[in-house]
Structure formats: structure tokens, C-alpha cells
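> Numbering that gives the first Met the number 0 applies: residue 0 is where the sequence shown begins, and numbers increase by one.
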Amino acid sequence: MPLLEPKPGALGPRVRKAPAPDRIPGLLAKGTPRRLREELTELLGPEKVLTDLSDLVRYASDASPYRFLPQVVVVAEDVDDVSAVLSYARGKGREVVFRAAGTSLNGQAQGEDILVDVRRHWVSTEVLAGGARVRCGPGTTVVRANAALAPHGRVLGPDPASAVACTLGGVVANNASGMTAGTTRNSYRTLASLTFVLPSGTIVDTGAPDADAALARAEPRLCAGLLALKAEIEADAELTARIRAKHALKNTNGYRLDAFLDGATPAEILRGLMVGSQGTFGFISEVVFDTLPLDRAVCAGLLFFPSLTAAAAAVPHFTGAGARAVELMDGNTLRASVSVPGVPADWAELPDGTAALLVEFRAPDTVALEAYERAARDVLDGLGTVSPVASADNALTRDPGRINGYWKARKAFVTAVGGARPSGTTLITEDFAVPPDRLAEACAELLDLQARHGFDTAVAGHAAHGNLHFLLAFDAGDPSDVERYAAFMDEFCKLTVERFDGSLKAEHATGRNIAPFLELEWGPRATELMWRTKELIDPEGVLAPRIVLDRDPQAHLRGLKTIPAVERIADPCIECGFCEATCPSGDLTTTPRQRIVLRREMMRQAPGSPVEARLLAAYGYEAVDTCAGDSTCALDCPVGIDTGALMREFRHTRHSAREERLAALAARNFRAVEASARLVLGAAGRIGDRALERLTGLARRAVRPDLVPEWLPEIPAAAARRLPRTVRAGAAAVYYPACVNRIFGNPAGVPGPSLPEAVVAVSARAGRPVWIPDDVAGTCCATIWHSKGYRRGDELMANRIVEAAWEWTNGGRLPLVVDASSCTLGLAREVVPYLTGENRQLHAALTVVDSLVWAADELLPRLEVLRRVDSAVVHPTCSMRHLGDEERLTAVAEACAEEVVVPLDAGCCAFAGDRGMLHPELTASATAREAAEVTARPFDAHLSANRTCEIGMERATGRAYVSALLALERATRP
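1) Does the region 19 to 31 come within contact of the region 50 to 63, defined as at least 3 CB pairs closer than 8 angstroms?
2) Counting only the same chain and skipping the five closest in sequence on each side, list residues whose C-beta sits under 6 angstroms from that of GLY906.
3) Can you check whether the CB of ALA439 is closer than 7 angstroms to the CB of ALA580?
4) So the beta strand (DSSP E) THR428 belongs to, where does it begin and stop?
5) Within 10 angstroms of its Cβ, does PRO399 collect 16 or more other Cβ (buried), or is it exposed?
6) Figure out for me which residue from LYS493, VAL541, ILE536 has the closest Cα to the Cα of GLY522.
7) Write down the C-beta distance between LEU559 and VAL481 rounded to the nearest angstrom, noting that I regard them as a contact closer than 8 angstroms.
8) What span of residues does the alpha helix (DSSP H) with LEU664 cover, start to end?
9) So, does the CB of ALA781 fall closer than 7 angstroms to a CB anywhere in chain B?
10) Just mark ARG118 as buried or exposed, buried being the case when its beta carbon has 16 or more other beta carbons within 10 Å.
11) Grab the span of the beta strand (DSSP E) containing GLY86 for me, first residue to last.
12) What are the partner residues of HIS941, as DSSP defines its beta bridges?
13) Is it right to say ILE573 is buried, meaning 16 or more other beta carbons lie within 10 angstroms of its own, or is it exposed?
14) What runs of the alpha helix (DSSP H), each 4 residues or longer, lie entirely inside the region 843 to 894?
15) Taking all protein chains shown into account, do 16 or more other C-beta atoms lie within 10 angstroms of the C-beta of PRO64, making it buried, or fewer, making it exposed?
16) On the DSSP bridge list, what partners appear for VAL115?
17) Spell out a yes or no on whether the region 342 to 360 and the region 289 to 302 are touching, meaning 3 or more CB-CB pairs, one atom from each, closer than 8 angstroms.
18) With DSSP as the reference, please indicate the residues paired to ASP158 in a beta bridge.
19) Could you give the distance in angstroms between the alpha-carbon of VAL314 and the alpha-carbon of GLU534?
20) Using three-state DSSP, classify GLU983 as helix, strand or coil.
21) I need the boundaries of the beta strand (DSSP E) containing VAL900, first residue and last residue.
22) Going by the CB atoms, is the gap between ALA970 and VAL900 shorter than 7 angstroms?
23) In the structure shown, what three-state DSSP assignment does LEU104 receive?
24) Using beta-carbon positions only, say whether ALA959 and PRO746 come within less than 7 angstroms of one another.
25) Rank ALA564, ALA671, THR588 by C-alpha distance to the C-alpha of VAL56 and give the top, closest one.
26) Taking buried to mean at least 16 other C-beta atoms within 10 Å of its own C-beta, is GLY110 buried or exposed?
27) Based on Cα-Cα distance, which residue from ALA88, PHE499, LEU445 lies nearest to ASP455?
28) Below 8 angstroms on the Cβ atoms is my guess for PRO198 versus ASP537; work out the distance and round it to an integer in Å.
29) To the nearest angstrom, how far is it from the Cα of LEU691 to the Cα of ARG767?
30) Roughly how many angstroms lie between the CA atoms of VAL142 and ARG741, to the nearest whole one?
31) Just confirm the distance between the C-beta atoms of ARG954 and GLU709, as a whole number of angstroms; I'd bet it's less than 8 angstroms.
32) Starting from GLY460, follow the beta strand (DSSP E) in both directions and report where the run begins and ends.
33) Mind checking THR365: buried by the 16 CB within 10 Å criterion, or exposed?
34) With a threshold of 7 angstroms on Cβ separation, who are the neighbours of GLY476 within its own chain once the five nearest residues in sequence on each side are excluded?
35) On the DSSP letters alone, give me the boundaries of the beta strand (DSSP E) that PHE67 sits inside.
36) Identify whether GLU348 lies in helix, strand or coil by the three-state DSSP scheme.
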């Protein structure tokens, strides 16, 4: 064991309640049973089989209120793996559940036996026919697919609120729709073809010309059975009419029996049945969608009403005027949305009864949009809108910023309201539909029902389609609270079906919480056909039992998860998974959601239990060490939960007093540290990469991998000891070369100038000269200490740099230009909590400007571009995302290259200062997809704006990345 290896117990919970009733028992502490582990490992290989308790726990939760511990997790790489698992399960009498993003709200992504991860290796996008169609892997998010389609002016039909995280396999399997899809733009209506693996292992491509012939050869019994069911349904006129009527509304409860009416052949029938089958009929390995026009002319308005019923009554007027989307939000939703960045603060003061409609119109051009706007204003003139707070102007706008703000608040419905729930309560998300002309009546009945059962729910929904969502919070560890929830559900389901003939699940699919009520909605005849369809396709019952069909009337009360309180920063988490797509460690160890899930299981346990001990032993590396700390999770979390900050706090918790003292000593003597680092880099060329790799490898094993960086061949030579000479008189800005650019030189083979020389030269060329203070050596933005959780060192350097910057900028009169995006973020924001009260006042007067912003806004308009390369690819850093500077990187690159490419899979490289040297496997995993895109074709330039990220991307791609300002200097050099 390394000398300074931290004790796992240092991360143990400090405060907790009594052990939770749903805690994992100690008997399961060893993870996957030995025989199951050995058999699957022999079948698939050890790298594809996850068996540790930590792995099982992190996959046990999804966005639903349920929690089921799988016995093993398989990370499938291809259809051969899936077929092998299905064959094994059939032979052994086991069960299989597929999981991609885990954003489903009803427990569809959870299983109690073999759980198969079909996200990690299943991301692909191929635009077809000029954008008319798109072929995607099931692990591809909706956002990624739409990003590929946008240049072609096309978009997918389904548009769920979880588009940033949910994957297309799950979208199809649940027939998810969203804000505008309704019943005409959903997966069922826009799916051109799909490829899937049946429980038998047969692979079916419904788009193949010989799909039916191949299916008939492989599955004659299945084909005959499907055609027999089709004939039986079509012979029953009453049933046929019932099926058509049920799907005239949004309806994802049960199986799509209309597939038997719409499909003429077995392959066509199966194509329809797979949509909304929730993983119970097979594994969807590829989807091809027909796309829709991306109407770019948009206007929207947020319109306030005195009550929910008044808002609902206004909906038909806007749908009649041609609105693409009409979204309903009640007062609880609006008030909770204040936690979402950008939402007006005065929404917190909205009266209890207030509700609002978010109305959006889309058109191919402004002429068509103007016609919609006139119709919308005519409607508005006749409605009783109210303005209970100053920001409620009830006006239509074309401003993209305001429209995006409205949608951000609407899409945060589940997470914002869930985040505001009482600590320790479980969140249930219900989703139903009624005929749109009865929406106001349904709202009134729902409000009355919730009041009678003691729930203060939040309500929102796709009002144009009669589709409402509401949230309930209760204590799943309190039997009386569970009984209250059960009584509510019984009455709610009867109300929806018997009063409104509505859909118990409009777009979230049946799942575990509505399965017991399936027959209530569909009746015995249709429900029996669903059971027969399941038995025909999956006769051994291998796939996803109890998720759509369940004869247990109490099944929705089984597996409800308690939500024990955790650290305050993470406690609002509802485990929605929105954070996962952006997380750089997701394919290596854990995601932000999983870090919180693991923490909650520790809180459920009795102190010192075997389960807690096993989880703590793994948590240090899997959660804390391999967190890049980039905090992009906070950007994608609708309520801004910063799991990176929590992991930095845990790093601090693990530090010994000696480590903290040494870190503070390094901060006090950073000038010497900086000089020593340059000396080491200078000597590295003489020592050689191989020797340094061996040397650092020995040191890492002896001390601790998380403290000693590994030498990487991509580490450049030392920067020049002296910075360019500049003068203060006449300077337009103070230029602060970050310590990484004072230590590291250009990549090997990239000639001068250095980055500081380039910034000075190009600024002077634009008539905006900069001045470099003589005493920048020994200062730093404090990110080094901040990212590692060294609090005292962070405080020392944060205060030192702010005091120095105040002097350099003449009390904030000049802007401070910083040439590394992470350092800009550090100086602009991250230092603030560590400043003294006096220095916070000094900091408030500073204007910290990233070099990209300086170049794009101040220099480019004053420069003449004399030469361009043919192509450039850019790497936007996570710090640019936080700062909102990504478009500036593209602007500077476009001045330097005829073609600029932003990779679809661009994301945090996880190099994170030196974390890519402490854990090279983290950067390798984080950059894999982006690197594959970059290396698929040649580029003349590879541009970014953060030196360590450039090193990380060079390691990932084998191509030298440099600052975009170096490219700008060359493009404008006389």
C-alpha cells in the first residue's frame, strides 16, 4: 500500500438517522454471486462484467421512485454480446433488463437479476438523405442527434424535456414524445425502421428488403402467431374501434395493439410493437427516424392566469391559432423554478393560485411567423391574463435568450420541484392525458383530489395535447405515508379512467407504478391480448418482467426507495440523470448521479456495516479521485447541483494536517515552485520520456497515485524564463499569463512565438496593447489548490492574486486579460468564497476577461486577416462552458480557417490541471469519442484556449493542439 494512502473511513457519513428499511443487507456485501460472476466472465470477458457491490448499487437507481439491486451488470459492446446474454438467461432461467440513460420515471431501467448497460458502447449518428432521415445507436442522446441534424435544417419529432440526457433507445422503447410531439410527431409515427434482437437471439432489421423473408425463416412460429393475433383483432370491430380511440389520445400504457392494425406483415407489426414495449420484447440496437423541418422562425410568450383552470381553459384558443407548443405550469412549479439559473427572482412571490401558459409558435420564415403572431395577439386580447409580479409582462417575444429561459424553467419541472421537496422524501412523477377539451375540468378534479389526500402537488404538462404531469412527495420509509400514496393512486386511476376515459400514462410508459392498473384502463379483452403478445414474443419470460404486465395489485408499492439526507449541496438530487451525459468519468467509474446514489446507500446503513465498508473502500477512487472536478454537471442539472464541488470537499476531508500544511507552503513559495517546474521540464529532454515514466511510476506506487503525476510524452518543453517586455503606459489592458503558460512551452514541433509573445504581438497589431506586470511570477489563479481541496493554500493564493490584480489594474480601471480559460474562471468566480471581506470588495471592482473574449470582441474588429488555413477543429473547454465563451472560440477560429468543426462529442477532456497525469485513464476515457471524430479526417489546425487541455487532447489524438490566439497571430501577421 502507498505510504500516504488515505483511510477509507475518512469519508464515512458523519450524521445519519436510523438504518433505513430498504438498506442493502450485509449478505449482499460481496457483490455478484460467485457462480454467476464466473459464468458471465467466461462468456463475455472480465472487462464487460461488473460485479462489485459499488457497481451494483450505482446501477440500482434510476430517475424513478423505485430501487432494485441487480445481481450483475453487463456492459454490452455489440449485438453478439446481447445475444450471448439472452442465450445464457434462457438456458439458466434468468431475467434480463436493458438500461441506457436511466432517465425513465417508472422503473423501466431497473432489474433484479442481469442488468445490461446499452449506453456506453452504443453512441452513433449517421445523417441520411440530406437530413431527411437519421440512423442512430440506442445510446445516442436526443440532443446529439439533433445537433447532427441542425446543419441540414432538420430535427427529430420526439422532444422530451430530458433530451440532454435521455437516449434514443429509451425514447423508442417508451414512445416518449415531449413538448410538441403529441400523437403525430412521436416515435411511433416518425420511426422509419429499427434493428432489434429478439429474446431468442434473432436479429431483425425491419428496413431490410428481405426483412419478412428472413424473419419467417428464423421465427416461423412467431410470424404465424403475430398474423393470427392481427386477424383476431381485426375481426373484432368493437375492439378495433377501442384501440383506435385509445391512441387518438397520447397513450403509452400497455403495448401498441394498433401495431396489429397498422402493420401488414410480421416485420411491420414487430416494428410497431417494439415502440413503447419498454424493453420487454427485445433489445433495440439501431433506429432510423424520418426527420422533420427545423422551423427557425420562433416567437413565444409566458402568459399568467389567476388559476390553473383559467389557464387550462385558454389552451384551445392558442392551439386554434396554430401554436406548436402550449405548456401549462401551476404556481408551485413556477415558484420552484426560481432555483433554475436565469429565472426571474420575483416568481417566488407569485400567489398560490397563479398558473401560466408557455406558448410557442414556429414557422419556416418571418412572413409565416407574423401571421401566427397576429392570431396570437387576437387571442390574448380576449383573455383574462394577470400580472402578479413585475416580470409577468404577458407579451410575445422573438428574443432567443428569453425564449430559452422560458423553456429552461419548463423543462426543469421535475428537477426543480423535486429539488424543493422536503429533505428525505421520495418523489413520484405521474403522467396522464384526458381529451384536450376537458383539460380544465381535469385540472379542477386533480386539485380537489390532491387536497383530500393531503398532497400539495405541482402540476405542469403539454396542455395542447391534454397531457398533464404532477409530482407527489412522501416518505417511502413511513408505512402510513405509503398507504396515503396508495389510496391516492387508487382514486386517481379510477378518476382518470371512469370520469375522463383518459390515459394513465401519456408519454412516460407503463413502468412499475401503473402496471397494476393496466386492466382498469384497457379492460380484460385488450389486456389479455397484451399478455398473449408478450408470451408469443418472449415465451420464457426472460425480458423485463413486471415492468408492463403484473398481476400483483400492490406491485406499484414494491421497491419504493427511501431518500436519506446527504450533504447539503447534493441533497436536492432526485437522481434524474441529466448530469450523466456531460460527465467525463461516466464511462470509467461513476457519474454525478451515481456518486450521490452511493452516498445515499451509505446513509441507509448502520455504522460499520459490511455494506458501508465495501462502499467506502471503493468510493475514494471511483467517486472522489476520478472526478475531474470540472462541475459541468452543475450546468446540465436544472437546479445546479455541483457534484464536483462535493468531491472537492471530500478531497479536503481526506487530507491529513501535514498534507494541508505542505500545500499551503507551496502556495507561499509558488515562485520557487514555478521555477522548479521549468527546471524539471528543461531537464526532461536530457533524461528522456522512458526513464521519466519509470521514475514517476515508482514514485506513484510508493507515495500515492493521486499525489504524484505520471510523466507523459506529450508534456512539452519548458517555457522561456522571461516573459515579453511590455510597457504600462498606454496599455488597453493588463495581460496575466497563467502559470501553465509560464511553465509549459509550445507543443513539440510547433514553432514560436510563444503564447505570451503572440498575445502581446496581436494586441499591439490591433492597436490594443497590453501590459504584463513585472511581478506575475509566483502568482496563480488558485485553481491548483481549489481543485484538490487544499483549503488553506486556496485561501492564501486567492487573496494574493486578487490583491495583486487590484494593484496591476489600477483599482479595476483596466481589464485583466487571462490566457487560459480555466484560470479565467478561477479568477472571475472560484476565488470569491476564499477571499477576506476586504478582498471581496476589491474583487468586485475587477473585470476579468478571457483571452478568447479579448480576441473576439476587442482585436478581431481591428485586425486584417491575411491568410487562412483550410480547416480547423476546436476543443471548447469546460471552463468556456461555465464562462459562456464557446462561441468566441469558434469566432476566432473562423477568422483563421475556411472551415471550422466543433466535434459533436466535444466535452470535458478531464485533464483538469494535472488530473490527467494523476489518472491518465480518466482523460483517455473522457476524450475517446471526441478523439475518434477528430482523427477520422485531417485538419490543418487544432485549436483550444487552455494549455493543459491542449496537452490532454494531444495525448488523446496524437495531434498538437494550441491556443486559438497563436493561430490568430499567424493569420494576421504582416
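Don't be surprised by glycine CBs; every beta carbon is placed ideally from N, CA and C.
In this text, all values refer to a predicted model and were calculated from it rather than measured experimentally.
Based on what the coordinates show:
1) yes
2) none
3) no
4) 425 to 432
5) exposed
6) LYS493
7) 7 angstroms
8) 656 to 667
9) Annotation note: the requested chain B is absent from the structure, which comprises a single protein chain.
10) buried
11) Contrary to the premise, residue 86 reads as Ser rather than Gly in this sequence. No beta strand (DSSP E) contains SER86, which is instead part of the alpha helix (DSSP H) from 78 to 91.
12) VAL872
13) buried
14) 877 to 882
15) buried
16) VAL73, PHE97
17) yes
18) GLY177
19) 42 angstroms
20) Outside the modelled stretch of the chain, which goes from 0 to 973, sits residue 983, for which no answer is possible.
21) 896 to 900
22) no
23) coil
24) yes
25) THR588
26) buried
27) LEU445
28) 4 angstroms
29) 43 angstroms
30) 38 angstroms
31) So it is not a contact: roughly 11 angstroms between Cβ atoms.
32) 457 to 461
33) exposed
34) ALA19, PRO20, THR561
35) Looking at the DSSP string, PHE67 is not in any beta strand (DSSP E), and its letter there is neither H nor E.
36) helix
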